[in-house]
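S.K.: Numbering (my numbering), first residue to last: 1 to 750.
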Amino acid sequence: MTAMQTRFMADVEACVDTIIETVGKDVVLGMPLALGKSHHVTNGLYARAKKDPEMKLTILTALALEKPSPSSELERRMLEPIVARIWEGVPDFDYMKDYRNGKMPENVTVREFFYKAGSYMNVPAAQQEYISSNYTHVVRDLEVNAINVYCHIVARGEENGQLVFSDSCNSDLGQDIIDYMEKSKAAGRRVMHVAHVNRHLPFMYGDAVNTPDVFDIVLEGEEMHTPLFSVPKASVAVADHAIGLHVSSLVKDGGTLQIGIGALGDAIADSLILRHEKNDVYRSLLADAGIEEHYGDLVDSIGGRKPFEEGLYGATEMLVEAFMYLYKAGILKRKVYQNENLQRFVNDGSLKEVVRPEALAMLLSEKPFYPMLMKEDFDILQYYGLFQEGLVYDDFQIKDRAGNFWTADLRDENYRKELAGALCGGSLKNGVLLHAGFFIGSNDFYEGLRTMDADERRLFSMTGVDVVNQLYGNERLRALQRKDARFVNTGMKLSLLGNVCSDALEDGRVVSGVGGQYNFVAMAHALKDARLIMMLRSTGFRGGQTVSNVVFNYGHTTIPRHLRDIVVTEYGIADLRGRSDREIISRVLAVTDSRFQEGLLKKAKDAGKIPQHYIIPEAFRNNTPQRLNALAAKYKNQAVFAPFPFGSEFTREEQVLGRSLRGLKQNIARKKWATIGGILGGLFRPAPESAHPFLQRMGLDQPSNFKEKLLRSVVTHALISSGSLDAAVSRQETVSEKAMKPAAARVTVR
């Protein structure tokens, strides 16, 4: 296949026509994970496949984004205003609607390598077509599936007067896809690389920037500049905050951090900011949580308690919003540089932000700069600010702005010092605070990136997962950059021997996917000063019961026990690296919920894996939610353990309603008839006045029929049961069903 000249188009149908004319009616469409998909091109191709049974469409992607949809009248009342407010103008994927409803035509297949957690548990087609793959192997696996179209959204920009495009939110596979397309075309395959321009994307730098010639089609039209999909911040429970607190004590100043999206990532960031900004409160909290007593030596060895002086660098698969809060707080501030020698001097303290001539002279005594400074090395040093701007290298000489010439022969020590003193640039520049492969977040997050000036945005360098998720390719530089790394991941189940299950159930059903978790586990063991921190909520709620997420054994493993390292639950830290099975079991039991410790200990004794006389120390036998809640209550007035530490897209009423209705579901599962009785009893009582703002938000403040009265009673019961209404008010103040007067809600958001 001969190379196509880039076509600029403004019509989706014409774009779809060109794709089919080029690759034929067997379209294998690759799309990036999460945000970077083109709704317009995907919907256009899907519509053609639905109309033409002779056409075959295979979609390969990950994490298809869907707006929440209600499954009941109560959910509809809760969700409709939220969807209208947060996702206004965001299009849907037409194929997803049919996929969910079991109406996908036979000539269309969808395969994904990562799911939104739990979203496809009961969708057989999704379970059957899932591809288990490390993130770094995705392009390889796309090649196995013979994709012939890759389409994604991009941002338009300009560099040096030339039109360029940024992969922006999804540089994760970018360069590998370009290489794949070039290789396929060279082999005569008919393939297409399609870019869809969306002005709402922030223009990100690093390896995300491409010239137009890497694309076969650039699609841009006014109606295609649709808003980006927003992911509202999740509420952070007390247990999540406790996990984040423990993790924060293991993060070393001057080190490297990788965290993910969601409540646990926010909890870590919140505790790190507390450590930095309110250090006295933080240290008191560490003491009261038992971290100082039980894990003080480990904190001394690999973590820290003090505010951040050198700061952190982010090497993360995903640029999550929490990193922006760390940046604003002055914690994410350690810059790295794409040069091994320079980075080594920065790491050992020889090079500071302000460059001294003697530091430059020392650097010039090292290979590859010594004994003869070559032009490419001069350009590198000038780019990073070690040499002044305006200097010109030509024919082994450096010409300064005064017209003087300096030889590039650096063998003489005194000459090196003289040259450094005359030509030193003064300060380092073009450093990077964070490398990431993709991003997705809230509307505020996107707006924050868009409104940064270009120089500030360059601090957040987007690159491929082949760079950020592994060491291969430039091992020594990446090891220098990622010093004292803490790679933080999340598991679903932990066995007593240290096996971690993160992606699927033991019956084979996929919950989410491996993604990049294994990559970071492997890297944590490859780097001499890195640690893997696997977070685990110690309990879950299933089948109407609280169950332990720490189990004796489990029929599915994502990270095997020989790769164990540190496990953190809300109750403590289990350092498992290099430990015997007996030690591992005792340490895991020490961070297990106390309701399940004895049962697990018995299984370990029955298997002969721990001595019969072993007793769990008394210090670890009070691992209960009540203890954590008491800790949170003690620090309530100091804004510690807030449910939304970085704000929320949800109104205060929606936050309380969401928590209360989730609690109601658990109550129905635990004590069904008592809960139903309470709801029915509420039908014959007026609602508390303090419930009015919540009922009004649900459109139930003036019920007009029996169904609405029943729903009103459900909501009121949920609010009272969760403690969200002032107890005295809920007992004493009532309001007529027909004439509820407006009243200020007395609400405690826990």
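Cβ atoms here follow ideal geometry from the backbone N, Cα and C, with glycine treated the same way.
In this structure, does DSSP put Pro-357 in helix, strand or coil?
M.R.: Sequence index remark: in the sequence shown, residue 357 carries index 357 (1-based). Of the three classes helix, strand and coil, the one that applies to Pro-357 here is helix, per DSSP.
S.K.: Indicate the three-state DSSP secondary structure (helix, strand or coil) for Ala-739 in the structure shown.
M.R.: To locate residue 739, count along the sequence shown from 1; it is residue 739. Here the model assigns Ala-739 a pLDDT of 33, short of 50, so the residue's position is not dependable, and the following value carries that caveat. It is coil, neither helix nor strand.
S.K.: If you check the beta carbons only, do Val-591 and Asn-623 fall under 9 angstroms apart?
M.R.: On the sequence shown, residue 591 is found 591 positions in, with the first residue counted as 1. On the sequence shown, residue 623 is found 623 positions in, with the first residue counted as 1. A contact, by the Cβ cut-off of 9 angstroms.
S.K.: Which residue comes first and which comes last in the beta strand (DSSP E) that contains Phe-520?
M.R.: Numbered from its first residue, the sequence shown carries residue 520 at position 520. No beta strand (DSSP E) holds Phe-520; the alpha helix (DSSP H) holding it covers 517-526.
S.K.: Which of helix, strand or coil does DSSP assign to Ile-533?
M.R.: Counting from 1 along the sequence shown, the entry for residue 533 is found at position 533. In this structure, Ile-533 counts as strand in the three-state DSSP scheme.
S.K.: Do the segment 315-327 and the segment 377-385 touch if we need at least three Cβ pairs shorter than 8 angstroms?
M.R.: At 8 angstroms Cβ cutoff, the stretches do not touch.
S.K.: Can you check DSSP and say which residues form a bridge with Trp-406?
M.R.: Here residue 406 corresponds to residue number 406 of the sequence shown, with the count starting at 1. According to DSSP, which records beta bridges pairwise, Trp-406 is partnered with Ile-398.
S.K.: For His-556 and Leu-505, what's the separation of their Cα atoms in angstroms?
M.R.: Within the sequence shown, residue 556 is the residue found at index 556, counting from 1. Within the sequence shown, residue 505 is the residue found at index 505, counting from 1. Their Cα atoms are separated by approximately 6 angstroms.
S.K.: What's the gap between the Cα of Val-251 and the Cα of Asp-94?
M.R.: By 1-based counting over the sequence shown, the position of residue 251 is 251. By 1-based counting over the sequence shown, the position of residue 94 is 94. So the two alpha carbons sit approximately 44 angstroms from each other.
S.K.: When you compare each of Gly-425, Ala-117 and Phe-541 to Leu-391 by their alpha carbons, which one comes out closest?
M.R.: The residue labelled residue 391 in the question sits at position 391 within the sequence shown. Leu-391 has its Cα closest to that of Gly-425, out of Gly-425, Ala-117 and Phe-541.
S.K.: In chain order, what residues of the same chain lie with their CB nearer than 6 angstroms to the CB of Phe-596, ignoring the 5 residues before and after it?
M.R.: Taking the sequence shown and counting its residues from 1, the one referred to as residue 596 is at position 596. Excluding residues within five positions, the ones whose Cβ falls inside 6 angstroms are Ser-548.
S.K.: Can you find the residues in the same chain that come closer than 7 angstroms, C-beta to C-beta, to Leu-471, ignoring five residues on each side of it along the sequence?
M.R.: Counted from its first residue, the sequence shown places residue 471 at position 471. Within the same chain, Leu-471 has close Cβ partners Arg-478, Ala-479, Met-523 and Ala-526.
S.K.: Are Leu-60 and Phe-113 closer than 9 angstroms when you measure CB to CB?
M.R.: On the sequence shown, residue 60 is found 60 positions in, with the first residue counted as 1. On the sequence shown, residue 113 is found 113 positions in, with the first residue counted as 1. Cβ distance < 9 angstroms, so Leu-60 and Phe-113 count as in contact.
S.K.: Thinking just about the alpha-carbon of each residue, which of Leu-661, Val-281, Gln-666 and Asp-92 is nearest to the one in Arg-712?
M.R.: Taking the sequence shown and counting its residues from 1, one reaches residue 712 at position 712. Arg-712 has its Cα closest to that of Leu-661, out of Leu-661, Val-281, Gln-666 and Asp-92.
S.K.: If you compare alpha carbons, which of Lys-636, Leu-628 and Phe-445 is closest to Pro-202?
M.R.: Here residue 202 refers to the residue found at position 202 when the sequence shown is read from its first residue. Among Lys-636, Leu-628 and Phe-445, the Cα nearest to that of Pro-202 belongs to Phe-445.
S.K.: Return the Cβ separation of Ile-177 and His-196 in integer angstroms, given the expectation that the two are a contact with Cβ distance under 8 angstroms.
M.R.: The count along the sequence shown starts at 1 and reaches residue 177 at position 177. The count along the sequence shown starts at 1 and reaches residue 196 at position 196. Contact flag wrong, Cβ pair sits at about 14 angstroms.
S.K.: Starting from Met-462, trace the beta strand (DSSP E) both ways and give me its first and last residue.
M.R.: Along the sequence shown, read from residue 1 onward, the residue named residue 462 stands at position 462. Taken as a continuous stretch (DSSP letters only), the beta strand (DSSP E) holding Met-462 covers 460-462.
S.K.: With DSSP as the reference, please indicate the residues paired to Glu-112 in a beta bridge.
M.R.: Numbered from 1 along the sequence shown, position 112 holds the residue referred to as residue 112. DSSP, once it has assigned bridges, lists Thr-61 as partnering Glu-112.
S.K.: Just the C-alpha distance for Ala-373 and Leu-428, rounded to the nearest angstrom, thanks.
M.R.: Walking along the sequence shown from the start, residue 373 turns up at place 373. Walking along the sequence shown from the start, residue 428 turns up at place 428. At residue 373 the sequence reads Leu, which differs from the Ala that was named. Going by the C-alpha atoms only, they are around 19 angstroms apart.
S.K.: Is it right to say Arg-685 is buried, meaning 16 or more other beta carbons lie within 10 angstroms of its own, or is it exposed?
M.R.: The residue given as residue 685 occupies position 685 in the sequence shown. Arg-685 should be labelled exposed.
S.K.: Report the CB separation of Gln-481 from Gln-397 in whole angstroms; it is logged as a contact under 8 angstroms.
M.R.: As a working mapping, residue 481 is identified with position 481 in the sequence shown. As a working mapping, residue 397 is identified with position 397 in the sequence shown. Not confirmed; about 33 angstroms, so no contact.
S.K.: Classify Pro-368 as buried or exposed, calling it buried when 16 or more other Cβ atoms lie within 10 Å of its own Cβ.
M.R.: Taking the first residue of the sequence shown as 1, we reach residue 368 at position 368. Exposed is the call here.
S.K.: Helix, strand or coil for Phe-369? Go by DSSP, reduced to three states.
M.R.: Within the sequence shown, the letter at position 369 stands for residue 369. Looking at Phe-369 - three-state DSSP - the assignment turns out to be coil, as it is neither helix nor strand.
S.K.: Inspect the CB distances between the segment 646-661 and the segment 257-264 and report whether three or more fall short of 8 angstroms.
M.R.: Not touching, per the Cβ criterion.
S.K.: Rounded to a whole number of angstroms, what is the C-alpha to C-alpha distance between Tyr-614 and Lys-37?
M.R.: Locating residue 614 in the sequence shown gives position 614, where the first residue counts as 1. Locating residue 37 in the sequence shown gives position 37, where the first residue counts as 1. Roughly 55 angstroms between the two C-alpha positions.
S.K.: What residue from Leu-35, Ile-217, Ala-530 and Lys-665 has the CA that sits closest to Asp-92's CA?
M.R.: Within the sequence shown, the letter at position 92 stands for residue 92. Closest by alpha carbon: Leu-35.
S.K.: Secondary structure at Val-591, three-state DSSP: helix, strand or coil?
M.R.: Locating residue 591 in the sequence shown gives position 591, counting from the first residue. DSSP places Val-591 in coil when its eight states are reduced to three.
S.K.: Buried or exposed: where does Thr-451 fall if 16 or more other Cβ atoms within 10 Å of its Cβ makes it buried?
M.R.: By 1-based counting over the sequence shown, the position of residue 451 is 451. Thr-451 should be labelled exposed.
S.K.: Under the rule that 16 or more other beta-carbon atoms within 10 Å means buried, what is Asp-167, buried or exposed?
M.R.: Here residue 167 refers to the residue found at position 167 when the sequence shown is read from its first residue. Looking at its Cβ environment, which holds 16 or more other Cβ atoms inside 10 Å, Asp-167 is buried.
S.K.: Pop quiz: Met-104 and Ala-125 are said to be a contact at Cβ under 8 angstroms. What is the actual Cβ separation, rounded to whole angstroms?
M.R.: Taking the sequence shown and counting its residues from 1, one reaches residue 104 at position 104. Taking the sequence shown and counting its residues from 1, one reaches residue 125 at position 125. Met-104 to Ala-125, Cβ: 7 angstroms. Contact.
S.K.: Within a Cβ cutoff of 6 angstroms, which residues of the same chain sit near Gly-265, ignoring the five residues on either side of it in sequence?
M.R.: Numbered from its first residue, the sequence shown carries residue 265 at position 265. Result list for Gly-265: Ile-259, Val-320 and Ala-322, in chain order.
S.K.: From the DSSP output, which residues share a beta bridge with Val-568?
M.R.: The residue given as residue 568 occupies position 568 in the sequence shown. Val-568 pairs with Met-535 and Ile-573.
S.K.: Within its chain, find whatever has a CB closer than 7 angstroms to the CB of Tyr-180; leave out the 5 residues flanking it on each side and keep chain order.
M.R.: Translated into positions along the sequence shown, residue 180 becomes position 180. Answer for Tyr-180: Val-139 and Glu-143, listed in chain order.
S.K.: Excluding five sequence neighbours on each side, which residues of the same chain lie with their C-beta closer than 7 angstroms to the C-beta of Asp-17?
M.R.: Within the sequence shown, residue 17 is the residue found at index 17, counting from 1. Taken in chain order, the list of residues that qualify is empty.
S.K.: Where does Gly-599 sit, in a helix, a strand or coil, going by DSSP?
M.R.: As a first step, residue 599 must be located in the sequence shown, where it is residue number 599. Reduced to three states, the DSSP call for Gly-599 is helix.
S.K.: Measure how close the beta-carbons of Tyr-115 and Gly-513 come, nearest whole angstrom, since I'm counting them as under 8 angstroms.
M.R.: Within the sequence shown, the letter at position 115 stands for residue 115. Within the sequence shown, the letter at position 513 stands for residue 513. Correct: roughly 6 angstroms between the Cβ atoms.
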